[in-house]
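Enquirer: Residue numbers for the sequence shown follow our numbering, so the first one is 53 and each next one is one higher. All residues carry an ideal CB built from backbone N, CA and C; glycine is no exception. Once you've had a glance at the structure underneath, I'll fire off some questions.
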Amino acid sequence: MAEGERLLSIGVDVGGTGIKAALVDVKTGELAGERIRVPTPMPAKPGPVVASAGRVVSRLIRAANAAATAAGQPAPRIQAIGVGFPSVILNGVTKTAANVDPEWVGFETEAAFSKAFKRRTWLVNDADAAGVAEMRFGAGYGKRGVVIVLTLGTGVGSGFFVDGRLVPNTELGHMEVNGKDAERRSSANARVRRGLSWKAWAEDLDDHLKAIDVLFSPNLIILGGGVSKKADRFVPFLKASGPIVAAQLRNEAGIVGAAMVGLERETEMVREERDVAERTRAEPPPTKPAEAAEAAG
Ligand code: BGC
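Take a look at the structure:
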């Protein structure tokens with residue numbers, strides 16, 4: 053990499069209501085250019101969602117190239133692309149669909165996005181992505197031990213970190229609390245859906261946090277998602293033990309984290325491919341016996 057060159061990666065955050073994407077400077081965690089948001093097509097089935105994300109990414113690349121040309125600079129070099137999605141992700145396949153269309157269960161989502169974006173794409177759970185960004189650039193920076201990042205939105209997502217390393221797909225939003233799927237009461241959506249005051253909702257959230265504390269005794273819980281902007285309205289009512297703080301990156305965390313995970317995985321893959329290529333060059337395939345005999349005369 054040339055000195056001063058920025059490590060740019062595209063982050064896409066697919067949610068139940070919107071698809072957001074931006075170019076991210078992975079070294080600083082800042083968006084490098086405009087953020088594009090389009091409403092998620094309804095019904096949010098794989099085909100239309102993937103196609104819509106494809107259009108968003110093309111628009112993003114066109115806009116970045118146009119901005120560079122206008123500034124008299126070369127087009128930016130995009131090193132990777134990552135997509136955050138609200139589902140358990142195993143080997144690129146979406147395994148659950150709590151707040152999205154059931155057709156996503158078992159769908160080869162990573163492959164579908166790769167095809168739509170015309171380049172290798174990496175898929176990650178949306179809360180894992182937001183957590184990765186928050187740990188690197190936000191409230192989790194330098195925090196050791198068990199740190200749990202909860203994203204409070206349509207559902208509740210969780211990013212679970214041990215000494216800074218992600219334990220993926222933890223899905224703490226679906227713990228059973230007071231006999232119910234926790235996110236039914238502790239998501240930001242639940243407050244609006246049930247017409248609750250901030251204080252009444254904070255009590256439900258508190259029950260969820262206490263249950264998390266009983267199981268994992270985290271060193272720190274970070275509350276993210278759009279509501280973290282209004283942390284002063286509900287954090288003071290929380291009584292669960294242990295430090296609980298609001299996320300610092302707010303809404304952009306999902307995009308930044310997806311871009312970071314994308315770049316990390318891409319870098320690993322490129323390194324692996326290079327190793328294999330080098331090994332193949334170093335050890336030419338064994339000559340066939342017939343050829344060997346002929347060579348020996
Ligand atoms: C999903 C998670 C997701 C979270 C936040 C939950 O309902 O099961 O995978 O991370 O919502 O979007």
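#1: Could you check which residue in A334, V152, I296, P98 has the C-alpha nearest to that of S280?
#2: Cβ of K195 within 9 Å of Cβ of N271?
#3: Please go through the region 77-118 and give each complete beta strand (DSSP E) segment of 3 or more residues, from N-terminal end onward.
#4: Mapping DSSP to helix, strand and coil, what is D233?
#5: Given that a residue counts as buried once 16 or more other Cβ atoms are within 10 Å of its Cβ, and exposed if not, what is A299?
#6: So which of L142, L202, T148, V157 has the shortest CA-CA distance to V176?
#7: Rounded to whole angstroms, what is the Cα-Cα separation between L60 and V308?
#8: Can you tell me which of R217, A150, T319, N151 puts its alpha carbon nearest to the alpha carbon of G197?
#9: Indicate, with yes or no, if the ligand BGC has a heavy atom lying under 8 Å from the CB of G139.
#10: With distances taken Cα to Cα, identify the nearest neighbour of E255 among I273, S269, V287, E228.
#11: Which residues in the same chain have their Cβ closer than 8 Å to the Cβ of P126, if we skip the five residues on either side of it in sequence?
#12: Alpha carbons only, please: which of D233, A103, N117, K167 is nearest the one belonging to N9?
Expert: Walking through what the data contain:
#1: I296
#2: yes
#3: 88-91
#4: strand
#5: buried
#6: L142
#7: 11 Å
#8: R217
#9: The question names Gly, but residue 139 is Ser in the sequence shown. Yes, the beta carbon of S139 sits closer than 8 Å to at least one heavy atom of the ligand BGC.
#10: V287
#11: A120
#12: Outside the shown range of the chain, which is 53 to 349, sits residue 9, and nothing can be said about it.
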